[in-house]
Amino acid sequence: MNPGNLKVTTRTTFQLLAPGAAPAPVEAELVYDPDDPYAVAVVFHTGSGRVEWMFARDLLADGLLTPSGEGDILVRPASDDPERVLVELNAPTGFAILSAVAEDVAAFLDGSYDVVQPGEEDLWIDFDRELQKLVSTID
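Numbering (the working numbering), first residue to last: 8 to 146.
Set out below in structure tokens:
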């Protein structure tokens, strides 16, 4: 399939949570691009610039309902506030817990499902293009 210009982008504000400190707002964008139909990106706009994390769309969806993921990215409902979802990010340079409005995340996911239905992601992969990318990195 040809995704054309079907990218879904939602601007939102996450709250950076730190022990002993008030939550700090972090502007972000949730991005779904059918060119990579299994993935979503969260682009954080910080004082240091732009930080992008990519992970499975299913991980984000599952994390709205139950703790999901392992390793670098964990997503789970907030235990103290059912209207929020927590995203835990682990990197060699640090660790962060961010909170988002669950309804905003769900609306973003609904928008992505309007473009590519769950279970139909494989129909959106251009295997010839992906193979060409692999071959060009070998040359």
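By construction, the Cβ of each residue, glycine as well, lies at the ideal position given by its N, Cα and C atoms. If you're wondering where the values come from, they're calculated on a predicted model, not measured in any experiment.
Item, Value
"Buried or exposed for R57, please, with buried defined as at least 16 other CB atoms from any protein chain shown within 10 angstroms of its CB.", "exposed"
"Could you check what DSSP says for V122 in three-state terms: helix, strand or coil?", "helix"
"Between L24, F62, D65, A28, which lies nearest to F102 when the distance is taken from Cα to Cα?", "L24"
"Take the Cβ of M8 as the centre, count every other Cβ of all protein chains shown within 10 Å, and call the residue buried at 16 or more, exposed below.", "With a pLDDT of 48 at M8, under the threshold of 50, the modelled position of that residue is not reliable, and no figure is offered here."
"So is P6 buried or exposed if we call it buried at 16+ other beta carbons inside 10 Å?", "For residue 6 there is no data in the structure shown, the boundaries of the chain being 8 and 146."
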